[in-house]
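Peer 1:
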Amino acid sequence: MSEKKDRRVRYTKMVLKQSLLTLLRDRPIEKITVKEICELADINRGTFYTHYTDPYDLLAHIENELYSEILAAIESSLKAEAISGLLEEIFEYIVKNAELCKILFGDYGDKEFIRRVMFIARDQSVAQWKKLMPSVTDEQLDLLYMFYANGCVAMIQYWLQNGMKESPRELARFIEKLSTHGLGAFR
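Going by the working numbering, the sequence shown opens with residue 325, and the numbers climb by one from there.
1. Please report the straight-line C-alpha distance between Arg493 and Leu484, rounded to a whole angstrom.
2. Measuring CB to CB, does Leu495 end up less than 8 Å from Ala445?
3. Starting from the C-beta of Ser449, find all residues in its chain whose C-beta is less than 8 Å away, skip the five residues before and the five after it, and write them out in chain order.
4. State buried or exposed for Tyr335, treating a residue as buried only when at least 16 other CB atoms are found within 10 Å of its CB.
5. Going by DSSP in three states, Pro492 sits in which element: helix, strand or coil?
6. For Cys476, tell me which candidate among Lys435, Gln464, Val358 has the shortest Cα-Cα distance.
7. Just mark Lys341 as buried or exposed, buried being the case when its beta carbon has 16 or more other beta carbons within 10 Å.
8. I'd like to know if the stretch 455 to 464 and the stretch 419 to 436 are in contact, where contact means that at least 3 CB-CB pairs between them fall below 8 Å.
9. Candidates Phe443, Leu390, Asp431: which alpha carbon is nearest Tyr417's?
10. Have a look at Leu382, Met488, Thr374 and flag the residue whose alpha-carbon is nearest the alpha-carbon of Thr357.
11. Looking at C-alpha atoms only, which residue of Arg440, Phe415, Ile499 is the closest neighbour of Ser491?
12. Considering only C-alpha positions, which residue in the set Ala365, Ser343, Ile353 is nearest to Asp431?
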């Protein structure tokens, strides 16, 4: 009996998530109502409120689930010496979840979510830069990371919107090359 109930709960959550993502393709979260999600999912509002408090809560669950999966996927790369290996793992995961990521990282997705994903690499990046530039202060390294993280956000959004023509490896190496050598890398 409990297995049947668990299956129903998983199904309910899945259709609610899919319904929200479908709606997010066309408009921002602040313009989406519980009623619309439930109508699209063919679920009553009481069932929605059993699992989530509002559309923002449902979106947070979707984002947290994806974030946790990305973290799990890159755990082994955190020990890697090169930032490109870590970034490549993130980009591989984005490719595997391209439709979800296009929505979450798109015009109507949560702008902070992708930045949160990019901050996975913060500590490793700053440590590598500190080795390369020991005279740079911690504050300068933080500013540098903010600059690169925001640039990476823009690159990933562009990459997703334009068909992900570059492989995850190519994109990761491009970003590492840029972060290590700046514009001098392209001379």
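Positions of the beta carbon are idealized from the N, C-alpha and C atoms, including for glycine. For clarity, every value in this text was computed on a predicted model and none was experimentally measured.
Peer 2: Checking against the coordinates, here is how it stands:
1. Translated into the one-based positions of the sequence shown, residue 493 becomes position 169. Translated into the one-based positions of the sequence shown, residue 484 becomes position 160. Approximately 15 Å, taken between the alpha carbons.
2. For the purposes of this step, residue 495 is taken as residue 171 along the sequence shown, with counting starting at 1. For the purposes of this step, residue 445 is taken as residue 121 along the sequence shown, with counting starting at 1. Taking C-beta atoms as the reference points, Leu495 and Ala445 fail to come closer than 8 Å.
3. Within the sequence shown, the letter at position 125 stands for residue 449. In chain order, Ile407, Tyr469, Tyr472, Ser503 place their CB closer than 8 Å to the CB of Ser449, counting only its own chain and leaving out the 5 sequence neighbours on each side.
4. The sequence position of residue 335 within the sequence shown is 11, counting from 1. When all chains shown are included, Tyr335 counts as exposed.
5. Taking the sequence shown and counting its residues from 1, the one referred to as residue 492 is at position 168. Correct three-state label for Pro492: helix.
6. Numbered from 1 along the sequence shown, position 152 holds the residue referred to as residue 476. That would be Lys435, whose Cα lies nearest to the Cα of Cys476.
7. Within the sequence shown, numbered from 1, the residue matching residue 341 stands at position 17. Counting every other CB atom within 10 Å of its CB across the protein chains shown gives Lys341 a total of 16 or more, marking it as buried.
8. Three or more beta-carbon pairs separated by less than 8 Å are not found between the stretch 455 to 464 and the stretch 419 to 436, which leaves the two stretches without contact.
9. Indexing the sequence shown from 1 puts residue 417 at position 93. For the options Phe443, Leu390, Asp431, the alpha carbon positioned closest to that of Tyr417 is the one of Leu390.
10. What you label residue 357 is simply residue 33 of the sequence shown in a count that begins at 1. The option with the nearest alpha carbon to Thr357 is Leu382.
11. What you label residue 491 is simply residue 167 of the sequence shown in a count that begins at 1. The shortest Cα separation from Ser491 among Arg440, Phe415, Ile499 belongs to Phe415.
12. Your numbering for residue 431 matches position 107 in the sequence shown. Out of Ala365, Ser343, Ile353, Ile353 has the C-alpha closest to the C-alpha of Asp431.
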